[in-house]
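Number of protein chains: 2
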Amino acid sequence: MNASAAMPPFFALRPEAEQAPTSGIVDVFNYGRNREGLIPLWVGEGDLPTPPFICDAATRSLAAGETFYTYQRGIPELRQTLSRYHERIYGQPVDPERFFVTSGGMPAMQVAMRMVSGPGDEVLISTPAWPNFAGAITVAGAQPVAVPMVFGQNGWNLDFDRLEKAVTPRTRALLINSPANPTGWTATFSDLRALLDLARRHGLWIIADEIYGRFVYDPALQVEGRAPSFRDVMASEDRILFVQTFSKNWAMTGWRLGWLEAPPALGQVIENLVQYQSSGTPVFIQRGGVAALEQGEEFVAHQIDRARTGREIVGRLSQTDFVELPPPSGAFYAFLKIKSQKTSKEIAMGLIEEANVGLAPGSAFGEAGEGYLRLCYARKASDLEEAVRRIGEALPRVVG
Amino acid sequence: MNASAAMPPFFALRPEAEQAPTSGIVDVFNYGRNREGLIPLWVGEGDLPTPPFICDAATRSLAAGETFYTYQRGIPELRQTLSRYHERIYGQPVDPERFFVTSGGMPAMQVAMRMVSGPGDEVLISTPAWPNFAGAITVAGAQPVAVPMVFGQNGWNLDFDRLEKAVTPRTRALLINSPANPTGWTATFSDLRALLDLARRHGLWIIADEIYGRFVYDPALQVEGRAPSFRDVMASEDRILFVQTFSKNWAMTGWRLGWLEAPPALGQVIENLVQYQSSGTPVFIQRGGVAALEQGEEFVAHQIDRARTGREIVGRLSQTDFVELPPPSGAFYAFLKIKSQKTSKEIAMGLIEEANVGLAPGSAFGEAGEGYLRLCYARKASDLEEAVRRIGEALPRVVG
Numbered sequence: 001m002n003a004s005a006a007m008p009p010f011f012a013l014r015p016e017a018e019q020a021p022t023s024g025i026v027d028v029f030n031y032g033r034n035r036e037g038l039i040p041l042w043v044g045e046g047d048l049p050t051p052p053f054i055c056d057a058a059t060r061s062l063a064a065g066e067t068f069y070t071y072q073r074g075i076p077e078l079r080q081t082l083s084r085y086h087e088r089i090y091g092q093p094v095d096p097e098r099f100f101v102t103s104g105g106m107p108a109m110q111v112a113m114r115m116v117s118g119p120g121d122e123v124l125i126s127t128p129a130w131p132n133f134a135g136a137i138t139v140a141g142a143q144p145v146a147v148p149m150v151f152g153q154n155g156w157n158l159d160f161d162r163l164e165k166a167v168t169p170r171t172r173a174l175l176i177n178s179p180a181n182p183t184g185w186t187a188t189f190s191d192l193r194a195l196l197d198l199a200r201r202h203g204l205w206i207i208a209d210e211i212y213g214r215f216v217y218d219p220a221l222q223v224e225g226r227a228p229s230f231r232d233v234m235a236s237e238d239r240i241l242f243v244q245t246f247s248k249n250w251a252m253t254g255w256r257l258g259w260l261e262a263p264p265a266l267g268q269v270i271e272n273l274v275q276y277q278s279s280g281t282p283v284f285i286q287r288g289g290v291a292a293l294e295q296g297e298e299f300v301a302h303q304i305d306r307a308r309t310g311r312e313i314v315g316r317l318s319q320t321d322f323v324e325l326p327p328p329s330g331a332f333y334a335f336l337k338i339k340s341q342k343t344s345k346e347i348a349m350g351l352i353e354e355a356n357v358g359l360a361p362g363s364a365f366g367e368a369g370e371g372y373l374r375l376c377y378a379r380k381a382s383d384l385e386e387a388v389r390r391i392g393e394a395l396p397r398v399v400g
Numbered sequence: 401m402n403a404s405a406a407m408p409p410f411f412a413l414r415p416e417a418e419q420a421p422t423s424g425i426v427d428v429f430n431y432g433r434n435r436e437g438l439i440p441l442w443v444g445e446g447d448l449p450t451p452p453f454i455c456d457a458a459t460r461s462l463a464a465g466e467t468f469y470t471y472q473r474g475i476p477e478l479r480q481t482l483s484r485y486h487e488r489i490y491g492q493p494v495d496p497e498r499f500f501v502t503s504g505g506m507p508a509m510q511v512a513m514r515m516v517s518g519p520g521d522e523v524l525i526s527t528p529a530w531p532n533f534a535g536a537i538t539v540a541g542a543q544p545v546a547v548p549m550v551f552g553q554n555g556w557n558l559d560f561d562r563l564e565k566a567v568t569p570r571t572r573a574l575l576i577n578s579p580a581n582p583t584g585w586t587a588t589f590s591d592l593r594a595l596l597d598l599a600r601r602h603g604l605w606i607i608a609d610e611i612y613g614r615f616v617y618d619p620a621l622q623v624e625g626r627a628p629s630f631r632d633v634m635a636s637e638d639r640i641l642f643v644q645t646f647s648k649n650w651a652m653t654g655w656r657l658g659w660l661e662a663p664p665a666l667g668q669v670i671e672n673l674v675q676y677q678s679s680g681t682p683v684f685i686q687r688g689g690v691a692a693l694e695q696g697e698e699f700v701a702h703q704i705d706r707a708r709t710g711r712e713i714v715g716r717l718s719q720t721d722f723v724e725l726p727p728p729s730g731a732f733y734a735f736l737k738i739k740s741q742k743t744s745k746e747i748a749m750g751l752i753e754e755a756n757v758g759l760a761p762g763s764a765f766g767e768a769g770e771g772y773l774r775l776c777y778a779r780k781a782s783d784l785e786e787a788v789r790r791i792g793e794a795l796p797r798v799v800g
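Taken in order, these protein sequences are the chains called P and E.
Just so you know, my numbering puts 126 at position 126 of the first sequence, and the rest follows in order with no gaps.
Take any residue in the second sequence, count from 1 to its spot, add 400: that is its number in my numbering.
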């Protein structure tokens, strides 16, 4: 739905606001949200609440009266902890001055987009993609340009020719999400080098969303248990902005805590943009982030194990008649290709009715997603077993 | 400082980002922040931490596992509680659908600005004003237009002729903050009617910042203990957006919790903009907001009493040789006019050196604020007594 359709002319608003797209998942979600027994696999979050050691850190901070305004760049302790975390996971020291705490991954994305794009600019997105990328670009007044990936027997792949051809004099940035939501595509080192080369040749910024970087299943893609990263191939002077979040690794979706990693030279601009966006992130929430980074490895490992099991369970859907699903390399989504003449929204609605399972229609992730359904498998095995059983049983009726 | 001055050309960013102004308070703050015994009166927050009954509500929510994604418009319970709160304070029922929870007053302002302004547009601000207004307008790509108020023996007043003359075909909105930061100016009913009339005649939006509405000292201006509000004079179809925060009334500056009040017809657009800004406010923080509204009246009364006492204490500075200070009508700031040839920043620096007291330079609030210093008196009496003593003692040396 285009929000402006319902707007009385008296309230005419700016195009950047009116054209901000409504989530394509919401209609389906609203249709099914109150159904008893529905298994909700439509949203990008797991079923585990935040572990107690993280909640306790926030509680202690609140009790200690840490309820005042704070640093726009984040508390020094969290920025230093981020630096140590990155050294541990990526094997190289990183200057704490590169980290800017944000109130979630989305605000990090908004700040990144505000810095590099505006009216008259284009930003390339490899699709199917998380719809909020296009949303953030639109709100900044710029034009999102979808560049479809190619789907084949081995899953999704970048189409470098198409990416190169999509670059115009107006192109300012290239948004790369690896491992990817919703497809599970995970860039190889060779992909990352080619993307960086393309960005360098055309003077583009890269906005790197590597938030699922620790969820990677294909052994050929694993580097010390995580996915290849732009930080493995970049030089320090490259124009790369990393948007990151605590949401997925540490089950903190509802906390709204993330970070932007950027060249320290951009520090004052980022500080100003944070000032006029969130005016900083609550200290007690940042204390939760410190606990997550310092004491969270066991929990992250548990999350990854659960996702790996979930991926195997939902992988069985590929053995049914109406689903095509090459094993996703990373993230925690199965992007099911459905053999049907119906739209993905119709099928998602049908599965609510017939299977009492909530999936996200592929059309929510751009035109390239039509014909697919997204299933989040970061969930307990028994729910996923039951969902697979119900979907398999209902699909023959739903697709026809 | 203009942030772009230090930026290597390689990192050329969008003007909306580079031109986002750096806070004029920060230099002074950084100069004095680590001084032992400094009395900090430079920031717009009191000295009380959030009261325990609010922290406890958040703690209980965290312990109950409310750590997942939530409604972009805010949890229904908080929106309903906001409706009841407004009925209690303003004496008229308000549809809960008018309320949109935001992660602070600043995010509410950012959403409001994104809806009504962008490149090619102008927004009028009556100055001296909170610098974040101009910041939010700049980040939206629009042009802030300062319209200075008039300072006289009775304090600050709007200059309606000047406001009217500042309207151009590009003007989209009028930003009114009453009671005002930093001046304490508080609109009368007559002022509000005249402003509304001006906005109606020119088809402008009004962005109403009434966050200090409960801090009003002049009995002639009090309506049931609060300041006159646009809601007293508006019709339901008027184009007014109210930006609000829990920060001041309930000592929750560090929580980042506020709300935008808008015509329900804008609901879908606001929901979309919140999606691409914060993606919603943590549920456990919203639970704190519910507790504040439902159980907070005693605390708010205590805060107002303290501010009233503080205002009397700092009012004594008007009896010294170098200060002019008509009693501020509302909010919790004294905006001291200093008789000196020095800049307000020089004087603020001098007072750190000579009095160990932190005040904000008036120049941080726009050109119209040069020659003034802002002092926040939402603080315990003993600190304010000591600050007044030290300032009075040091000023003769500092101004010369």
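All C-beta atoms in this analysis are idealised placements derived from N, C-alpha and C, irrespective of residue type, glycine included.
The structure displayed is predicted, hence computed values, not measured ones.
- DSSP, read as helix, strand or coil, puts Arg570(E) in coil.
- With respect to the C-alpha of Ala587(E), the residue from Val545(E), Gly688(E) and Val616(E) having the closest C-alpha is Val616(E).
- Distance from the Cα of Ala291(P) is smallest, within the candidate group Gly44(P), Ile25(P), Lys337(P) and Cys55(P), for Cys55(P).
- Per DSSP, the beta bridge partners of Arg374(P) are Phe335(P) and Ala360(P).
- Taking C-beta atoms as the reference points, Val545(E) and Glu522(E) count as a pair closer than 7 Å.
- Burial check for Thr168(P): the Cβ neighbour count within 10 Å stays below 16, so the residue is exposed.
- Interface annotation, Thr645(E): not in contact with chain P, CB-CB separation never under 7 Å.
- Every unbroken stretch of the beta strand (DSSP E) spanning 3 or more residues and falling wholly within the stretch 44 to 116 of chain P is given here in chain order: 99 to 102.
- Here the alpha carbons of Leu725(E) and Ser718(E) stand approximately 5 Å from one another.
- For Leu62(P), at least one C-beta of chain E is nearer than 7 Å to its own C-beta.
- For Leu373(P) against Leu336(P), the beta-carbon gap comes to about 5 Å, under 8 Å, which counts as contact.
- Within the stretch 114 to 128 of chain P, the residues whose Cβ lies closer than 9 Å to some Cβ of chain E are Arg114, Met115, Val116, Ser117, Gly118, Pro119 and Asp121, listed in chain order.
- Contacts with chain E at 7 Å (Cβ-Cβ) include Pro49(P).
- Take the alpha-carbon of Pro228(P) and the one of Pro219(P): they are about 12 Å apart.
- Within the stretch 246 to 258 of chain P, contact with chain E at the beta-carbon level (separation under 8 Å) is assigned to Ala251, Met252, Thr253, Gly254, Trp255 and Arg256.
- Closest in alpha carbon position to Ser340(P), among Ser329(P), Phe322(P), Gly105(P) and Thr245(P), is Phe322(P).
- Relative to Thr720(E), the option among Ser744(E), Val799(E), Asn557(E) and Ile607(E) whose CA is nearest is Val799(E).
- Under the DSSP assignment, Phe551(E) falls in the beta strand (DSSP E) whose first and last residues are Val550 to Gly552.
- At a cut-off of 7 Å, the C-beta of Gly104(P) has a neighbouring C-beta in chain E.
- Per DSSP, the beta-bridge partners of Val243(P) are Asp209(P) and Leu260(P).
- For Ser423(E), the C-beta contacts it makes with chain P under 7 Å involve Gln275, in order along the chain.
- Taken through DSSP and simplified to helix, strand or coil, Gln677(E) comes out as coil.
- Under the DSSP assignment, Ser729(E) falls outside any beta strand (DSSP E); it carries neither an H nor an E label.
- Between Leu124(P) and Val139(P), the C-beta spacing is not below 7 Å.
- Among the CB atoms of chain P, none fall inside 7 Å of the CB of Phe615(E).
- A Cβ of chain P is located within less than 7 Å of the beta carbon of Leu413(E).
- Within its own chain, the residues whose Cβ lies closer than 6 Å to the Cβ of Ile439(E), once the five positions on either side in sequence are excluded, are Val757, Asp783 and Ala787, listed in chain order.
- About 5 Å separates the Cβ atoms of Ser103(P) and Thr281(P), confirming a contact at the 8 Å cut-off.
- A contact between stretches requires three or more CB pairs, one per stretch, nearer than 8 Å, and the stretch 587 to 599 of chain E meets this requirement with the stretch 624 to 638 of chain E.
- Neighbours of Pro579(E) across chain P, judged by C-beta separation under 7 Å, do not exist; the nearest C-beta is about 20 Å away.
- Around the beta carbon of Phe589(E), fewer than 16 other beta carbons lie within 10 angstroms, which makes this residue exposed.
- Using a C-beta cut-off of 8 Å, the stretch 347 to 365 of chain P makes no contact with the stretch 240 to 251 of chain P, since fewer than three inter-stretch Cβ pairs fall below that distance.
- Assigned with DSSP and collapsed to three states, Pro40(P) falls in strand.
- In the structure shown, Thr422(E) falls within a coil segment according to DSSP collapsed to helix, strand and coil.
- In the displayed model, Gly667(E) falls within a helix according to three-state DSSP.
- Contact annotation: Gly118(P) and Gly141(P) have beta-carbon atoms nearer than 7 Å.
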